[in-house]
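K.L.:
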Amino acid sequence: MSARDAKTIGMEAAAWVERQDRDWTAADQAELEAWLAQSTAHLIAYHRMRDSWQRSEKLVALRPQPAQPRPRATHSGGSPAIKIAAAVLMLAVGGAGVFLLERPTDRVYATALGEHQTLRLSDGSRIELNTNTEVRIAQGGRAVTLERGEAFFQIVHDETRPFVVTVGDHRVVDLGTKFDVRKEHDRLEVALIEGKARVEATTANAARPTLLSPGDVMVATARTVSLKKRTSESLSDQLGWRRDVIVFDHTALAQAAAELNRYNARKIVIADPVAAKVKIGGTFPVNGTQQLVDVARDLFNLNVKDRGDEVIISR
Amino acid sequence: MAETPKANLEGAGTAIPAMDVGVPDAMRWFLREVLPLEAVLVRYLRQNWRDQSDIEDLLQDVYVRVYEAAKRQIPDKAKPFVFTTARNLLINRVRDSAVVPIEAVADLDALNVAMDMPGPDRTAVARDELRRLSEAIDRLPPHCRDVIVLRRIENLSRSEIAQRLGLAETTVSSYLTEAIYALSHLLNADPADPRVRK
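So the sequence lines, in the order shown, correspond to chains A and B. The numbering of the first sequence is my numbering, which starts it at -7 and goes up by one. The numbering of the second sequence is my numbering, which starts it at 19 and goes up by one.
1. Do we get a CB-CB distance below 8 Å when we pair residue 75 of chain B with the residues of chain A?
2. My parser needs the alpha helix (DSSP H) runs of 4 or more residues fully inside the segment 44 to 72 of chain B; what are they?
3. Could you say which of A:284, A:51 and A:45 lies nearest to residue 17 of chain A if we only look at CA atoms?
4. Could you tell me the alpha carbon to alpha carbon distance between residue 25 of chain A and residue -1 of chain A, rounded to whole angstroms?
5. Taking just the CA atoms, how far does residue 89 of chain B sit from residue 60 of chain A?
6. Measuring straight from C-alpha to C-alpha, what distance separates residue 242 of chain A and residue 272 of chain A?
7. Of all the CB atoms in chain B, is at least one closer than 8 Å to the CB of residue 116 of chain A?
8. Measuring straight from C-alpha to C-alpha, what distance separates residue 77 of chain B and residue 59 of chain B?
9. Determine which residues of the segment 278 to 298 of chain A have a Cβ less than 8 Å from any Cβ of chain B, and write them out in chain order.
10. Provide the residue(s) that pair with residue 166 of chain A in DSSP beta bridges, ordered along the chain.
11. Helix, strand or coil, according to DSSP, for residue 276 of chain A in the structure here?
12. Using beta carbons (cut-off 8 Å, strictly below), is residue 301 of chain A in contact with chain E?
13. Under 8 Å between beta-carbons, which chain A residues line up against residue 147 of chain B? List them in chain order, please.
14. Taking only three categories from DSSP, how would you classify residue 155 of chain A?
15. Assign residue 99 of chain B to one of three DSSP states: helix, strand, or coil.
16. Roughly how many whole angstroms lie between the Cα atoms of residue 64 of chain B and residue 70 of chain B?
17. Tell me the residue span of the alpha helix (DSSP H) that contains residue 46 of chain A.
18. Give a yes or no on whether the minimum CB-CB distance between residue 104 of chain A and chain B is below 8 Å.
19. Compute the Euclidean distance between the alpha carbons of residue 281 of chain A and residue 248 of chain A, then round it to the nearest angstrom.
20. Look at the Cβ atom of residue 158 of chain A, then the Cβ atom of residue 137 of chain A, and state whether they are nearer than 8 Å.
21. Within 10 angstroms of its Cβ, does residue 214 of chain A collect 16 or more other Cβ (buried), or is it exposed?
22. How would you write the range of the beta strand (DSSP E) that residue 120 of chain A sits in, first residue to last?
23. With a cut-off of 8 Å, do at least 3 Cβ pairs link the segment 170 to 179 of chain A to the segment 124 to 143 of chain A?
24. Per DSSP, what are the beta-bridge partners of residue 132 of chain A in this structure?
25. Does the segment 249 to 260 of chain A come within contact of the segment 203 to 210 of chain A, defined as at least 3 CB pairs closer than 8 Å?
26. Just tell me which of A:253, A:275 and A:292 has its CA closest to the CA of residue 123 of chain A.
27. The beta strand (DSSP E) that contains residue 302 of chain A, what's its start and end?
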């Protein structure tokens, strides 16, 4: 028989995958790699567990549509959310996917905190989803709604079937393009890397559409629209997430923390206005919460209080 | 081009998790070609090995052998390779063990039959994925089902789940671990597999 039984190894591998879904540091990564190197059985078990965990991501499609406000839990046991979810599951199992029947045309893809996924469409277009992002792809694959988060689009242009990305009150129409779209509350940011695109408001008294050319970054809020030109270098930094890194360049610590917090459950809180303005630079992995904390403590001599889910930084 | 060159995610399939960038070719092949055979492979092992409590370990050994071979060279055809490996493993087990009675392996000559069993059709697999997932979730023990539903469908954090269910966060984590382990069996097994009926 094997040196160690398959169930023990399997449970250990599952625990690694579970741990990766929480906060994840370079030290954790090193520990995991050491464990994987111990035997081929470890390596296979880990990838097998990770595969099923990643597949379970598609369960998000079973979320009641349209997204309902989350019922508040009034007591600990038997929460309504679970009952709703369980009901949806039962329908899906019993009735060949009621959700799919109700919305036969749309497909929803979502990433969890810290995740990063690439979707390939049948026409060759690609959509790369950043952390905590949800897109809805309509039948035919040429109309996408960015429900939340950030996505990079690499679109195969088709004169007869324009590719349209809807974000809140705006629409981005591709004219042969690579572009990045980020939605944060009411703020929309569109960065054009290559080609041409048109951004138009979908509201009744819409302003003129904005035509973007490479290097343009458009930021729209409920009331304002601004357009600025960026160098290719700074655009590539902005798209660092596609390589799973975040690039800071004279970035205020508060902003750097907010950026890292987008990817991680363990949040950095800057509890001091002076510390918030400290400027930092460098390339961090998207899960580099601890690295940023180390920089704040070791390089800037700031005070660090670790509360598990939260790290408080002050002077 | 403003875009920086990067190790890109070219490959077949519809959605490729970008995390797979660092995954070796042999493992990609394994996940893509071998893992979907698990249901048929488990059925084969069950039919040809008497002690059913060994199946999980046998499966692991087949996987290790297949993967080690794929690291040297990726086999042209996954299915015959996997089943030949399984067959040789079973034969060796019988030979190596003086105490295993002859009937441990039911019929070694009949083992070739398994190679002709229909494997999963990829398009069908993709189409049925959501159904398969929800069925798998349905079969999880209730405490596992609750946490994975809240994590994956409701997208709650561990602390939110802990609060919602009145559990410690460490308990949520251990239930999730259990759920991941059970899912790996449920998702790859066929419904007749006893591992599926908890």
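Here a beta-carbon is modelled for each residue, glycine too, at the ideal position from N, C-alpha and C.
P.N.:
Let me lay it out:
1. yes
2. 56 to 66
3. A:284
4. 20 Å
5. Because residue 60 of chain A carries a pLDDT of 34, less than 50, the predicted location of this residue cannot be relied on, and no value is offered for it.
6. 5 Å
7. no
8. 8 Å
9. none
10. A:189
11. strand
12. No chain E appears in this structure, whose protein chains are A and B.
13. 47 and 50
14. coil
15. helix
16. 6 Å
17. 32 to 47
18. yes
19. 10 Å
20. yes
21. exposed
22. 118 to 121
23. yes
24. Its beta-bridge partners do not exist; DSSP assigns none.
25. no
26. A:253
27. 302 to 306
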